[in-house]
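K.L.:
Residue numbers (the working numbering): 5 to 160. The beta carbon of each residue, even a glycine, is placed where N, CA and C say it ideally should be. Dumping the structure here so I can ask a few things about it.
Okay, structure coming up:
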């Protein structure tokens with residue numbers, strides 16, 4: 005092996021990822037460390053994160069669970085990662101997005117750069133004028149509810 009680290013992650017990538025995380029703000033994770041607290045030892049924190057990411061030894065800590073109220077009176081859980089984990093996720097996103105983005109179907113709108121729910125609604129409205137049918141798929145229960153005979157025949 006002629007490299008010191010198995011993953012070639014430039015330190016600059018970790019710095020750029022931190023700048024984006026800082027711009028997005030966000031609450032502290034399970035460790036209670038805010039972005040401002042993380043910045044107190046910024047160079048050390050970024051170096052430690054870079055070292056773990058590039059050596060392959062990074063393990064994300066648990067997320068802090070916060071229950072968010074819903075309009076219907078219930079709640080939905082929201083996981084809040086630590087600042088360091090958000091930086092690590094951003095490093096991964098910056099690397100993977102250019103590779104994976106071209107593979108997505110053109111009608112995929114969720115969590116994609118330059119696409120939004122408003123774009124999906126615009127396209128759906130345009131298609132409502134062209135087609136007489138709609139296919140509604142709930143991914144969570146998709147395979148529990150689809151007619152498997154139709155699926156195996158290739159007609160679903």
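With distance defined between alpha-carbon atoms, name the residue in 122, 63, 31, 114 nearest to residue 69.
P.N.:
The residue labelled residue 69 in the question sits at position 65 within the chain shown. Comparing Cα-Cα distances from residue 69 to each of 122, 63, 31, 114, the minimum goes to 31.
K.L.:
In terms of alpha-carbon separation, which member of 25, 50, 125, 55 lies closest to residue 90?
P.N.:
On the chain shown, position 86 is the one that residue 90 refers to. When only C-alpha atoms are compared, the closest one is 25.
K.L.:
Leaving out five residues on either side along the sequence, give the residues of the same chain with a beta carbon under 8 angstroms from the beta carbon of residue 160.
P.N.:
Numbered from 1 along the chain shown, position 156 holds the residue referred to as residue 160. Since pLDDT at residue 160 reaches only 46, below the 50 mark, its modelled position is unreliable, and the value read off the structure follows with that caveat. Answer for residue 160: 150, 151, 154, listed in chain order.
K.L.:
Return the first residue and the last residue of the alpha helix (DSSP H) that residue 125 is part of.
P.N.:
Translated into the one-based positions of the chain shown, residue 125 becomes position 121. Here the alpha helix (DSSP H) through residue 125 covers 121 to 132.
K.L.:
Report back the beta-carbon spacing between residue 87 and residue 13 to the nearest angstrom; my notes put them in contact at under 8 angstroms.
P.N.:
Here the question's residue 87 lines up with position 83 in the chain shown. Here the question's residue 13 lines up with position 9 in the chain shown. Actually they are not in contact, since the Cβ atoms of residue 87 and residue 13 sit about 18 angstroms apart, beyond 8 angstroms.
K.L.:
Among all the DSSP beta bridges, which residues are the ones paired with residue 84?
P.N.:
Within the chain shown, numbered from 1, the residue matching residue 84 stands at position 80. Beta-bridge pairing links residue 84 to 68.
K.L.:
Residue 23 lies in the alpha helix (DSSP H); which residues open and close that run?
P.N.:
Against the chain shown, residue 23 aligns to sequence position 19. Taken as a continuous stretch (DSSP letters only), the alpha helix (DSSP H) holding residue 23 covers 15 to 28.
K.L.:
Using a Cβ-Cβ cut-off of 8 angstroms (strictly less than) and excluding sequence neighbours within five positions of residue 8, which residues of its own chain qualify?
P.N.:
By 1-based counting over the chain shown, the position of residue 8 is 4. There are no such residues.
K.L.:
Quick one: is residue 5 buried, meaning 16 or more other Cβ sit within 10 Å of its Cβ, or exposed?
P.N.:
Here residue 5 refers to the residue found at position 1 when the chain shown is read from its first residue. Any reading at residue 5 is ruled out, since the residue's pLDDT is 49, under 50, leaving its predicted position unreliable.
K.L.:
With a Cβ-Cβ cutoff of 8 angstroms, do residue 108 and residue 116 count as a contact?
P.N.:
Translated into the one-based positions of the chain shown, residue 108 becomes position 104. Translated into the one-based positions of the chain shown, residue 116 becomes position 112. Cβ distance < 8 angstroms, so residue 108 and residue 116 count as in contact.
K.L.:
Exposed or buried, residue 138, counting other C-beta atoms within 10 Å across all chains shown (16 or more means buried)?
P.N.:
Residue mapping note: residue 138 aligns to position 134 of the chain shown, counting from 1. Exposed: under 16 other Cβ atoms inside 10 Å.
K.L.:
What's the call for residue 65, buried or exposed, on a 16-neighbour Cβ count within 10 Å?
P.N.:
For this step, residue 65 is matched to residue 61 along the chain shown. When all chains shown are included, residue 65 counts as exposed.
K.L.:
Quick check on the DSSP output: the alpha helix (DSSP H) that includes residue 153 runs from which residue to which?
P.N.:
Indexing the chain shown from 1 puts residue 153 at position 149. Per DSSP, residue 153 belongs to the alpha helix (DSSP H) from 152 to 157.
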